[in-house]
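Report on one structure; see the data block that follows.
Residue numbers (our numbering), protein chains in the order written: chain A, 62 to 368; chain B, 62 to 368; chain C, 62 to 368.
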C-alpha cells in the first residue's frame with residue numbers, strides 16, 4: 062500500500078488489502094513487538110457523529126502502537142457549533158496531530174478533508190458513504206474464519222442505508238466472492254452500488270428470503286436496520302423485526318458458517334446464537350484493533366513515522 | 062486478594078481490604094516506583110452516568126501506573142442510544158482493553174457485565190447498589206487519620222439512597238466499628254441493609270439528631286442529600302438544609318474528629334469547616350488515586366500484567 | 062518567568078514573554094529533545110465551556126512533552142451539575158494532576174481557582190476576561206512573521222466582547238506597538254480596557270473603517286463577531302457581515318502584511334485569502350502547541366517537574 066489517506070475501500074487493490082491483513086495478523090500475534098513503534102506520535106480523533114466501537118478501537122490501536130490520541134470531543138463541546146467549516150476545523154487540527162481519523166454525517170467529508178490537510182486522513186464513516194476500516198476488519202474476520210478464496214457470502218438486512226455494506230461489497234468483488242444480498246424490497250442495495258459492482262465484474266444475486274441461500278453460505282453478514290437512517294418512522298416499523306436469525310434458523314446452515322455483524326445489534330441476531338460456533342461478531346469487533354494498528358502503522362510511517 | 066472482578070465491598074475480607082490499603086500506602090509513598098508498572102496496558106472507562114471524581118481518579122490511577130485508558134464517552138455519544146444491550150457493549154469493549162471500569166444506573170449492572178467478559182470488571186457505582194472503590198478510599202482515609210481499630214463512626218445524611226453508605230457500612234462491620242446512623246426518618250438506612258449488617262454482627266444505632274452522638278465520634282461521615290435519587294421534589298425540599306454542619310457544630314466534637322464526605326457537597330458542610338483540622342474530605346478524594354492504583358494493580362496483575 | 066499560575070497576560074513582563082517565546086521556538090525546532098521531558102506528569106483539563114483548539118492544543122502540548130492528561134469532561138457529564146462550587150471542584154482535581162488548565166464562563170474563575178489549590182493553574186479563558194495563552198501564541202506568530210519591534214497592528218471586529226483582544230492589546234502595549242482598533246461603534250473596545258492601555262502608555266487609535274489604516278499595517282488581526290456574546294440577536298444581525306475581508310480588500314495592504322485570526326472564523330475572512338502569503342491564521346493556531354509546551358514546561362518545572 063502506498064497511500065496518503067484511506068478514504069474508501071475502492072482505493073485499495075487486492076494486494077493492498079492483503080498486505081494490511083498480513084500486517085494486522087503479525088501485530089495480533091506479537092503486540093509487544095510494536096508496543097513502542099509509534100511512541101511520541103499523536104492521532105486526532107474527530108467524530109462528528111456518535112460512535113463507540115470505531116472510536117474506541119482507533120484509540121486503542123494508536124495506544125497499542127505506543128502513541129497517543131487527542132480527541133476533538135463531541136460537536137456540542139467544540140467550535141463546530143460556532144459555525145466553523147469542516148475545511149477550517151481539519152486545517153487547525155492537522156497542527157495538533159500526525160494523523161486524523163474522521164467520522165462525519167456528510168458523504169464525501171473525508172475526501173474534502175484530505176484535500177485540505179497534509180497529514181493522513183482516515184475515513185471512519187461519512188454518512189451513507191464509506192467506512193473502509195470497517196471493511197478491512199470484516200475481511201480480516203472472514204479470512205481468519207473461512208479464507209478469502211472461493212467465498213460465498215450472504216449479506217442481509219439494511220442494504221440501502223448501511224454504509225458498511227457498500228464498502229464491503231466493493232472489496233469482496235476484488236476477491237471474486239459470490240455475493241447474495243438478502244433484504245426487503247424497500248431496503249435493496251442502491252442501483253448505483255449495484256451498477257458499480259457489475260462494472261467490477263462481481264457475481265451477485267438479490268433475494269428477499271434468507272432460506273433460499275442459507276445452505277450455500279460460508280459467511281452470513283447481518284446488518285442492523287438503522288432507525289436513524291430512515292426518513293420515515295412508519296417505514297422503519299414495517300421492516301423492523303424482519304430478517305432476524307436465531308439458533309433454529311441456523312440449523313439449515315453449514316456447520317462452519319461464520320455469522321458476522323458490524324454491531325450494535327438490536328434484535329437481528331437472537332442471544333441463543335451467541336454461544337454457537339457460528340458467532341464471530343464479537344471477535345470481529347475485537348479485530349478492529351489489530352487491523353487499525355496495521356492501517357495506522359502504514360499511514361503514519363509514510364510521513365516519517367518509521368523510525 | 063485473589064479476585065477476578067471487584068463488584069461489591071462485601072466480597073472483600075478484612076485481609077483483602079488491609080492488603081489493598083497497605084499497597085495503596087506504599088504506592089502513595091513511592092509513586093516513581095510504580096510509574097512504569099503497567100506500561101502498555103489499557104483500561105476502558107465505561108461511565109453510563111455522569112461522574113467527575115470517580116472517573117478522573119481511575120483515569121489518573123491508570124496513568125500513574127504507566128498505563129493508558131480508552132473512554133467510552135457519554136451515553137449520548139455512544140452506541141448505547143442505538144439500543145445496544147449492556148452485555149453486548151461490554152463484550153465488544155473487552156476486546157479494546159485489559160480491564161473495564163463500569164458505572165451504570167442499574168443495580169447489578171457490574172455483576173451482569175462480569176458474567177459476560179473475561180477481563181477484570183470494577184464496579185464504579187451501580188445505581189443504588191455498590192461502589193466498592195469508594196469504600197476502599199474511605200477506609201484508607203479513616204485508617205490514615207484515626208486507625209481502623211476500635212473505631213466509632215457517625216454516618217449522617219441520606220442513608221436511604223446513598224450507595225456509598227451501604228458499601229461503607231458493610232466494610233466497617235468487618236472491622237467491628239461502632240456505627241451511628243444519623244438521618245431524618247424518611248432517609249433511614251433501608252431495612253435490607255440493616256438486616257445484612259445485623260447478620261454480620263455489626264454494632265449499630267440509629268439517631269435523628271447528631272448532637273446525641275457527636276462527642277463520641279472518631280469519624281463523622283457526611284453525605285449529600287441527593288436530589289436526583291428522590292422520586293419526589295417535595296420530599297427533597299423537606300429535608301434539604303437539615304443535617305448540615307459548620308464550625309460551631311463541631312465545637313462539641315473531639316479535637317481529633319475526622320470529618321469526611323464523598324463529595325460533591327452542596328450545603329452539608331459549611332465552608333468554615335474547610336480550614337479546620339477536622340476537614341479531611343479533600344484528602345479523602347485525593348486518596349482515590351493511590352487506592353485505585355493498588356486496586357488496578359491487583360486486578361490487572363491477575364491476568365498476566367505483572368511483568 | 063517565575064510564576065505559580067498563568068492567570069492573565071498582564072502578569073507577564075516583556076522579559077517573561079520573550080523567555081516563553083524563545084523556549085517555544087526551541088521546542089518547535091527540536092520536539093524530540095523534549096519528548097520525554099514531563100513523562101509521568103498529568104495535566105487536568107477542566108473546560109466548563111465548549112472548546113476545540115484551546116483544549117486540543119493543551120492536550121497535544123502536554124503529550125508532546127511526554128506527559129498525559131486527565132479530562133474533566135463536559136459540565137453535563139460531571140459533578141458540576143450536582144451543584145458543586147468551582148472551589149470544591151478544583152480542590153478535588155488538584156489531587157489527580159500536577160497542573161490544571163481551566164476554561165470557565167465566569168470572569169475571575171481562574172483567579173479564584175488559583176487561590177484554592179497548590180498546583181499551577183492556567184487560565185484558558187474566563188468569560189469576557191483573559192485568555193493569556195492565546196495572547197502568547199498570537200505574539201509568537203507576530204514575532205515569527207513581522208518581528209515584535211516597531212510593530213503596527215490593526216485589530217478588527219468584535220472588540221467589546223472578544224476576550225482575546227483585551228489580553229493581546231495589553232501585551233502589545235508592553236512591546237510598544239502602534240495599535241489601530243477597527244470596529245463598529247457598538248463593538249468598540251470597552252472604556253475600562255482603553256483606560257488601562259492609556260495608563261500603560263500604549264499608542265492606540267480607534268477607527269470605524271479598515272481602509273483608513275490598512276496600508277500602514279504589519280499585522281491585521283481579525284476577530285469573529287461572536288453571536289453567543291451578544292445579549293440581543295438584533296444587534297448581532299446589524300453588524301454581522303461587516304468587517305469582512307477578502308483578497309480584493311488586501312490589494313491595498315503591504316505585500317508583507319500578516320493576517321491573523323484566533324479562529325473559528327465564520328465569514329470574516331473570505332476563503333480566497335487562504336491561499337495568499339498574508340494568511341497566517343492556520344499556522345497561528347498550530348503555534349498553540351509549542352507555545353503551550355513552553356508554558357507548561359515552565360509552570361510544571363516550578364514544583365519539581367524539572368528532573
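The C-beta atom is built at its ideal place from N, Cα and C for all residues, glycine as well.
Quantities reported herein were computed from a predicted structural model and do not represent experimental measurements.
In the three-state reduction of the DSSP assignment, residue 180/C falls in the coil class. Within the segment 335-367 of chain C, the runs of alpha helix (DSSP H) at least 4 residues long that lie entirely inside it are, in chain order, 342-347, 349-361. Contacts with chain C (Cβ-Cβ distance below 8 Å) from the segment 128-139 of chain A involve 129, 131, 132, 133, 134, 135, 137, 138, 139, listed in chain order. Proximity of residue 350/B to chain C, defined by a Cβ-Cβ separation below 8 Å, is satisfied. Only those residues of the segment 79-109 of chain B whose C-beta falls short of 7 Å from the nearest C-beta of chain A are listed: 101, 103. Taking residue 329/C as reference, the option from 118/A, 104/A, 144/A, 331/A with the minimal CA-CA separation is 144/A. The beta carbons of residue 279/C and residue 213/C sit closer together than 8 Å. Under DSSP, residue 105/B takes part in a beta bridge, and its partners are 131/B, 161/B.
Pairing residue 228/C with residue 255/C gives a Cβ-Cβ distance that is not under 8 Å. Counting of Cβ neighbours within 10 angstroms places residue 174/B among the buried residues, the total reaching 16 or more.
Taking a C-beta distance under 8 Å as the contact criterion, residue 206/C and residue 69/C do not qualify as a contact pair.
Beta-bridge partners of residue 192/C (DSSP): none assigned. Closest option to residue 249/C, judged by alpha-carbon separation, among 81/C, 97/C, 268/C: 268/C. Judged by DSSP in its simplified three-state form, residue 269/B adopts coil rather than helix or strand. Using a CB distance below 9 Å, the part of the segment 140-167 of chain B facing chain A consists of 140, 141, 142, 143, 144, 145, 146, 148, 149, 150, 152, 153, 154, 155, 156, 157, 158, ordered along the chain.
The continuous beta strand (DSSP E) containing residue 282/B extends over residues 280-283.
The C-alpha of residue 163/B is placed about 29 Å away from the C-alpha of residue 338/A.
For the pair residue 358/A and residue 126/A, the CB atoms are nearer than the 8 Å cut-off.
Legend: CB atoms of the segment 333-345 of chain B lying less than 8 Å from CB atoms of chain C belong to residues 343, 344.
Secondary structure note for residue 81/A: its alpha helix (DSSP H) is the uninterrupted segment 75-90. DSSP places residue 185/C in the strand class (E or B) of the three-state scheme. For residue 243/A, the enclosing beta strand (DSSP E) covers residues 239-243. Beta bridge pairing from DSSP links residue 217/B with 243/B, 283/B. Counting the other Cβ atoms within 10 Å of the Cβ of residue 323/C gives 16 or more, which makes it buried.
CA-to-CA, the gap between residue 122/B and residue 351/B works out to about 7 Å.
Under the three-state reduction of DSSP, residue 320/A is assigned to strand.
With a 10 Å radius around the Cβ and a threshold of 16 neighbouring Cβ atoms, residue 347/B comes out buried.
For residue 154/C, the enclosing alpha helix (DSSP H) has its first and last residue at 147-154. At least 8 Å separates the beta-carbon of residue 136/A from that of residue 177/A.
CA-to-CA, the gap between residue 168/B and residue 326/C works out to about 47 Å.
Counting along the chain, no alpha helix (DSSP H) covers residue 143/C, and no H or E run does either. The beta carbon of residue 271/A sits no closer than 8 Å to any beta carbon of chain B. At a cut-off of 8 Å between beta-carbon atoms, residue 189/A makes no contact with chain B. In the three-state scheme derived from DSSP, where H, G and I count as helix and E and B as strand, residue 68/B is classed as coil.
For the pair of segments examined, the segment 306-320 of chain C was found not to touch the segment 234-249 of chain C: the number of CB pairs separated by less than 8 Å stays below three. Close partners of residue 347/B in chain C (Cβ separation under 7 Å): 156.
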